[in-house]
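*Asks:* This is the structure, below, for whatever I ask next.
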Amino acid sequence: MTKITVDIHHESAQYPILIQDSIYDELNDFVNNGYRDRDIVIITDDNINALFGDKIQKVLANRNPHIRSIQPGERSKSRETKAQIEDEMLGKEFGRDTLIIAFGGGVVGDLSGFVASTYKRGIPVIQIPTSLLAMVDSAIGGKTAINTIYGKNLIGSFWQPEAVFVGMEFLVRLPEPEFLNGLAEAVKMAIVFDEEFFEYFENNSQKILARDNEALTHIVERCITLKKEVVEEDEKESGLRQCLNFGHTIGHAVESIAGYNEKHGFCVAMGMAAETQLAALTGALSWTDADRILKLLEKMHLPNTINEKYEKQLMYKKMKSDKKAVNQTPMFVTLQGLGKVKKNKNQFSFSFDKSTVLKAISLVK
Numbered sequence: 034m035t036k037i038t039v040d041i042h043h044e045s046a047q048y049p050i051l052i053q054d055s056i057y058d059e060l061n062d063f064v065n066n067g068y069r070d071r072d073i074v075i076i077t078d079d080n081i082n083a084l085f086g087d088k089i090q091k092v093l094a095n096r097n098p099h100i101r102s103i104q105p106g107e108r109s110k111s112r113e114t115k116a117q118i119e120d121e122m123l124g125k126e127f128g129r130d131t132l133i134i135a136f137g138g139g140v141v142g143d144l145s146g147f148v149a150s151t152y153k154r155g156i157p158v159i160q161i162p163t164s165l166l167a168m169v170d171s172a173i174g175g176k177t178a179i180n181t182i183y184g185k186n187l188i189g190s191f192w193q194p195e196a197v198f199v200g201m202e203f204l205v206r207l208p209e210p211e212f213l214n215g216l217a218e219a220v221k222m223a224i225v226f227d228e229e230f231f232e233y234f235e236n237n238s239q240k241i242l243a244r245d246n247e248a249l250t251h252i253v254e255r256c257i258t259l260k261k262e263v264v265e266e267d268e269k270e271s272g273l274r275q276c277l278n279f280g281h282t283i284g285h286a287v288e289s290i291a292g293y294n295e296k297h298g299f300c301v302a303m304g305m306a307a308e309t310q311l312a313a314l315t316g317a318l319s320w321t322d323a324d325r326i327l328k329l330l331e332k333m334h335l336p337n338t339i340n341e342k343y344e345k346q347l348m349y350k351k352m353k354s355d356k357k358a359v360n361q362t363p364m365f366v367t368l369q370g371l372g373k374v375k376k377n378k379n380q381f382s383f384s385f386d387k388s389t390v391l392k393a394i395s396l397v398k
């Protein structure tokens, strides 16, 4: 078992992240030792509930947990679903002495964390990510949110979990599109923070795509360690944490135009391809490194082009309302090399004139 502890110093928050093949015994001990007197609400989705719902209910049977299952997909990250869950909990008279367990992928984790942060003005939440994307990114760091018609993750909160339990066994049953969806966020971490990690992807693509347990465990541990370091330094995205948005400014625009029918990771991959070209166009990144990034995306079976159906003028309009925009000006994390990003004091996101952004998009059309 690997245990990583996240320590948010200025908020006096500390929580463990446990990584191993199966997490049920550790979950049972953690809940019964630290949350003995709390009611438990498990929020999951229909797919995960069908596969693993009976197992987690059996593990926590002595606590008689209430399971609330939602429809899979980004459309459930909505005001409506959040209100439905809250009304159900209020109707069943769950109080402040309730523990929420988020049991699912990124949608479940984001939504559950946001519910926990506002229900009765805040109750504890445990994250159990069941997708690769959630394991390497969304379950770590305490960012919660829902989507609106105006864009992705525009309403939310920072709400750190009590613990994160990462079970590698969940990846065996993960559908291929969901696996690749998470792989995009893992590749992003390598591109932005760690050239050696980038080279690991280049040299081990076959093992990774075959879901070799040793390779995937290494990827998950490295991503979590990198994100832990970022979150501990910058919990609320006022500085270094901005780097995690690489590929997301353009990626979120694609995702919004697609009506959230495109996988988040695929949209981020498209965004990374375009934002890589943006860095090269502006002279911050060498064309050689840009080419390596585009080739790695292809090697990982991720998109490195943007479909013509996503019209670039509409994409730019969506970027202007992105939560990272400043005075309706899109902001971009800018690569200066593999594992290196542009920085100016505590600023890690920068603006470029519209024509340059549109040209970068055109290069990957």
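Position in the sequence shown (from 1) plus 33 gives the number in this note's numbering. Beta carbons: idealized from backbone N, C-alpha and C, even for Gly.
(1) Are the beta-carbon atoms belonging to Val199 and Val158 less than 9 Å from one another?
(2) Locate the alpha helix (DSSP H) running through His281, then write down its first and last residues.
(3) Can you give, in chain order, each stretch of the alpha helix (DSSP H) that sits fully within the stretch 98-129 and has at least 4 residues?
(4) Taking just the CA atoms, how far does Thr321 sit from Lys376?
(5) Taking the alpha helix (DSSP H) that Tyr233 belongs to, which residues open and close that run?
(6) Please report the straight-line C-alpha distance between Asp58 and Lys387, rounded to a whole angstrom.
(7) Closer than 7 Å by C-beta to Leu84: which residues in its own chain qualify, once you throw out the five before and the five after it? Chain order, please.
(8) Flag this pair as yes or no: are the beta carbons of Ile316 and Glu228 separated by less than 9 Å?
(9) Tell me the rounded alpha-carbon separation between Gln47 and Gly67.
(10) Checking the sheet assignment: what are the DSSP bridge partners for Gly200?
(11) Please identify the residue among His285, Thr151, Tyr152 whose C-alpha is closest to the C-alpha of Thr181.
(12) Quick one: give me the first and last residue of the alpha helix (DSSP H) that Lys37 is part of.
(13) In angstroms with no decimal places, state the Cα-to-Cα distance between Asp78 and Ile103.
(14) May I ask you to list the residues that DSSP assigns as paired with Tyr152?
(15) Please look up how many angstroms separate the CB atoms of Val287 and Tyr233, rounded, as I've assumed it's under 8 Å.
(16) Since Val225 and Cys276 should fall inside the 8 Å C-beta cutoff, what is the C-beta to C-beta distance between them, to a whole number of angstroms?
*Replies:* With the given structure in hand:
(1) Note that the C-beta distance between Val199 and Val158 is not below 9 Å.
(2) That run of the alpha helix (DSSP H) goes 281-290.
(3) Fully enclosed alpha helix (DSSP H) runs of 4 or longer: 112-124.
(4) Near 21 Å, if we compare the C-alpha coordinates of Thr321 and Lys376.
(5) Taken as a continuous stretch (DSSP letters only), the alpha helix (DSSP H) holding Tyr233 covers 228-236.
(6) In a straight line, the C-alpha of Asp58 is about 53 Å away from that of Lys387.
(7) Excluding residues within five positions, the ones whose Cβ falls inside 7 Å are Arg206.
(8) The residue asked about is misnamed: residue 316 is Gly in this sequence, not Ile. Taking 9 Å as the Cβ cut-off, Gly316 and Glu228 do not qualify as a contacting pair.
(9) Going from the Cα of Gln47 to the Cα of Gly67 covers about 14 Å.
(10) Looking at the DSSP assignment, Gly200 forms a beta bridge with Gln53.
(11) That would be His285, whose Cα lies nearest to the Cα of Thr181.
(12) For the sequence presented, residue 37 should be read as Ile rather than Lys. It is not in any alpha helix (DSSP H) - Ile37 instead sits in the beta strand (DSSP E) that spans 35-41.
(13) When rounded, the distance between both Cα atoms is 4 Å.
(14) The partner list for Tyr152 (beta bridge, DSSP) is empty, contrary to what the question assumes.
(15) With 8 Å as the limit, Val287 and Tyr233 do not qualify as a contact, their Cβ atoms being about 27 Å apart.
(16) Rounded to whole angstroms, the Cβ separation of Val225 and Cys276 is 5 Å, and the two are in contact under 8 Å.
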